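Q:
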Amino acid sequence: MKQWPDEHGRFGQFGGRYVPETLMNALMELEDAYRRYSAEPDFQEEIRYLLREYSGRQTPLYYAKRLTEELGGAKIYLKREDLNHTGAHKINNAIGQAVLAKRMGKTKIIAETGAGQHGVASATVAALLGLECKVFMGEEDMRRQKLNVFRMRLLGAEVVPVTSGTRTLKDACNETLRYWVSHVQDTYYILGSATGPHPYPMIVRDFQRIIGDETKAQILELEGRLPDAIVACVGGGSNAIGMFYPFVEDQAVRLIGVEAAGHGVDTEQHAATMSKGSHGVFQGSFSYLLQDEYGQVLPAHSISAGLDYPGIGPEHSYLKDAERAEYVPATDEEALDGVQLLSRTEGIIPALESAHAIAYAAKLAPQMGKDELLVVNLSGRGDKDVEAIMEHLGGSADGVH
């Protein structure tokens with residue numbers, strides 16, 4: 000397959016820049032800076048140093064023996080992105096973009112967040128590198144992710160409540176873009192997922208591809224061959240594209256993204272962009288999104304604040320239409336089952352986002368042979384979600400089955 004994006008920032012027909020004229024110069028400045036600095040060895044070495052010595056990479060590729068025995072079928076490995084500093088893959092991208100912001104001479108950073116993990120990662124690197132930090136977050140997500148709101152404030156960031164729309168990630172993204180338009184002179188926008196206008200989908204993918212690069216080297220060392228299938232959750236899609244990208248040319252490896260089906264794809268309460276969405280422009284790029292017949296963006300729903308988003312990164316849309324990757328839904332209830340399954344069998348409480356990937360792996364593994372290999376990207380840990388999980392499981396561990 001051709002490696003994207005092209006010189007216009009497109010992945011086939013997807014991607015591009017659909018932004019107000021006032022942002023065009025800022026995006027072109029960003030693209031020029033990224034291409035210049037990313038080619039410099041000392042820029043790459045600074046990022047490698049921080050990922051290794053500060054974040055704790057490389058993360059393990061862990062053989063989940065008890066989960067494998069419980070499910071039968073394929074041998075299951077977990078890529079432990081939950082063991083990163085701050086507890087999720089988001090720190091990979093935040094470190095890269097914050098170092099880039101410093102090289103560009105910016106003194107302030109802004110970010111949007113849904114589940115709070117990208118906000119925490121941005122607040123963390125801002126403290127580390129001495130940058131002012133402002134994080135936009137929907138009021139509903141602030142309610143669901145109180146612990147992460149506290150963590151961001153403890154790290155010195157200002158958390159700005161967003162009260163428009165459904166008061167979730169989509170609205171936080173809109174507000175961050177609006178703020179950036181009038182503050183581009185000294186402010187860098189650390190976009191948290193592989194979404195938005197070019198060059199963000201390319202930049203985020205490049206900073207997240209370390210997940211797939213490490214996985215490929217680790218599975219070759221452990222098993223002497225590539226996996227038969229890889230599973231990752233998708234909202235905007237940053238952990239999934241980081242895992243998938245180094246395997247795109249390996250046609251024998253199935254790439255499977257699991258999106259949030261909420262209460263079910265046949266209801267109006269889901270975030271199943273690939274299963275139920277259609278082509279359109281959303282937050283600066285052309286991709287799949289949830290929209291009505293008039294092109295109005297529909298509200299999304301998921302038990303997971305990180306997947307509660309009506310769009311998806313343009314490279315995922317390209318991989319779907321090229322039939323290189325598969326996208327399947329998992330419901331809220333299935334994700335809760337995934338949390339309990341992994342907690343009970345491996346002593347690992349996954350984030351609700353990652354639990355969607357576990358839920359689908361629980362369906363897929365028994366259909367695979369015992370000589371086949373399945374890798375699940377565990378994108379984040381579940382500390383931030385424990386309160387929400389308790390609420391849904393009856394208020395105490397006694398209700399857990």
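Numbering (numbering that gives the first Met the number 0), first residue to last: 0 to 400. A virtual CB, placed ideally from N, CA and C, is assigned to each residue, including glycine. Predicted model only: the values in this text are computed from it and were never measured.
Under a Cβ-count criterion, where at least 16 other Cβ atoms within 10 Å of its own Cβ denotes burial, should N412 be classed as buried or exposed?
A: The requested residue 412 is not part of the displayed model; the chain covers only 0 to 400.
Q: Using a threshold of 9 Å, state whether the C-beta atoms of A100 and I108 are closer than that.
A: yes
Q: Report the three-state DSSP secondary structure of S237 (helix, strand or coil).
A: Of the three classes helix, strand and coil, the one that applies to S237 here is helix, per DSSP.
Q: Just checking my contact of A231 with M242 at CB under 8 Å: how many whole Å lie between their CB atoms?
A: Yes, A231 and M242 are in contact; Cβ-Cβ is about 5 Å, under 8 Å.
Q: To the nearest whole angstrom, what separates the beta carbons of K78 and L318, a pair I think is in contact under 8 Å?
A: K78 to L318, Cβ: 19 Å. No contact.
Q: At a cut of 8 Å, does the segment 243-253 reach the segment 263-282 through at least three beta carbon pairs?
A: no
Q: Say whether the segment 173-181 touches the segment 15-28, bearing in mind that this needs 3 or more beta-carbon pairs closer than 8 Å, one atom from each stretch.
A: Below 8 Å, enough C-beta pairs join the segment 173-181 and the segment 15-28 to call them touching: three or more.
Q: Could you name the residues of the same chain whose beta carbon sits closer than 6 Å to that of A403, not counting the 5 residues immediately before and after it, in chain order?
A: Residue 403 is absent from the structure shown; the chain starts at 0 and stops at 400.
Q: Considering only the beta carbon of each residue, do E345 and R142 sit closer than 9 Å?
A: no
Q: Counting beta carbon pairs with one atom in the segment 185-195 and one in the segment 219-226, are three or more of them shorter than 8 Å?
A: no
Q: Is it buried or exposed, R150, if we count other Cβ atoms within 10 angstroms and call 16 or more buried?
A: buried
Q: Between L60, H7, A360, G381, which has its C-alpha nearest I209's C-alpha?
A: L60
Q: Where does the unbroken alpha helix (DSSP H) through L221 begin, and where does it stop?
A: 209-222
Q: If you check the beta carbons only, do G137 and G104 fall under 9 Å apart?
A: no
Q: Please return the same chain residues whose Cβ sits closer than 6 Å to the Cβ of V161, not counting the five positions on each side in sequence.
A: F135, G137, D170, A171, E174
Q: For D205, collect the residues of the same chain with a Cβ closer than 8 Å to its Cβ; drop the 5 residues on either side in sequence, then sort them by chain order.
A: Listed in chain order, the non-local C-beta contacts of D205 below 8 Å within the same chain comprise S37, G95, local neighbours out to five positions each way being set aside.
Q: Taking 8 Å as the cut-off, is the C-beta of Y61 nearer than that to any heavy atom in the ligand HEM?
A: With respect to the ligand HEM, the structure shown offers nothing to examine, as it has no ligands at all.
Q: Check whether the Cβ atoms of A350 and R380 sit closer than 9 Å, and answer yes or no.
A: yes
Q: Compute the Euclidean distance between the alpha carbons of D397 and E332, then round it to the nearest angstrom.
A: Unreliable placement is indicated for D397, whose pLDDT of 49 sits below 50; the coordinate value is still reported in the next sentence. Cα-Cα distance, rounded: 18 Å.
Q: Let me make sure I understand the geometry here. Which of I218, I240, V183 has the alpha-carbon closest to that of Q207?
A: Selected option, being the one with the closest Cα: I240.
Q: Which residues mark the beginning and the end of the alpha helix (DSSP H) in which S284 is found?
A: That residue, S284, is in no alpha helix (DSSP H); its beta strand (DSSP E) goes 284-288.
Q: Does the Cβ-Cβ distance between S237 and G118 come in under 9 Å?
A: Contact annotation: S237 and G118 have beta-carbon atoms that are not nearer than 9 Å.
Q: Distance, Cα to Cα, Q334 vs E80?
A: For the record, residue 334 in the displayed sequence is Ala; it is not Gln. Whole-angstrom Cα-Cα distance: 18 Å.
Q: Find the nearest neighbour of R343 within the set E68, G256, A93, K215, judged by alpha-carbon distance.
A: When E68, G256, A93, K215 are compared, the shortest CA-CA separation from R343 is found for E68.
Q: Within the segment 66-130, note down every full beta strand (DSSP E) run reaching 3 residues or more, in order along the chain.
A: Those beta strand (DSSP E) runs which fall completely within the segment 66-130 and span 3+ residues are 74-79, 107-112.
Q: Rounded to whole angstroms, what is the Cα-Cα separation between V180 and L26?
A: 11 Å
Q: Over the uninterrupted beta strand (DSSP E) stretch that includes R253, give me the two end residues.
A: 253-261
Q: For R152 and D384, what's the separation of their Cα atoms in angstroms?
A: Cα to Cα, R152 sits roughly 18 Å from D384.
Q: Assign H269 to one of three DSSP states: helix, strand, or coil.
A: coil
Q: On the DSSP bridge assignment, give the partners of Y199 in chain order.
A: DSSP, once it has assigned bridges, lists no residue as partnering Y199.
Q: Is the beta carbon of S316 sitting closer than 9 Å to the one on F10?
A: yes
Q: With DSSP as the reference, label A228 as helix, strand or coil.
A: strand
Q: Taking its Cβ as the centre, do 16 or more other Cβ atoms sit within 10 Å of T106, making it buried, or is it exposed?
A: exposed
Q: Looking at the secondary structure, which residues open and close the beta strand (DSSP E) in which T194 lies?
A: Neither: T194 is in no beta strand (DSSP E) and is coded neither H nor E.
Q: So for E157, helix, strand or coil by DSSP?
A: strand
Q: Which of the three DSSP states is assigned to S274 in this structure?
A: helix
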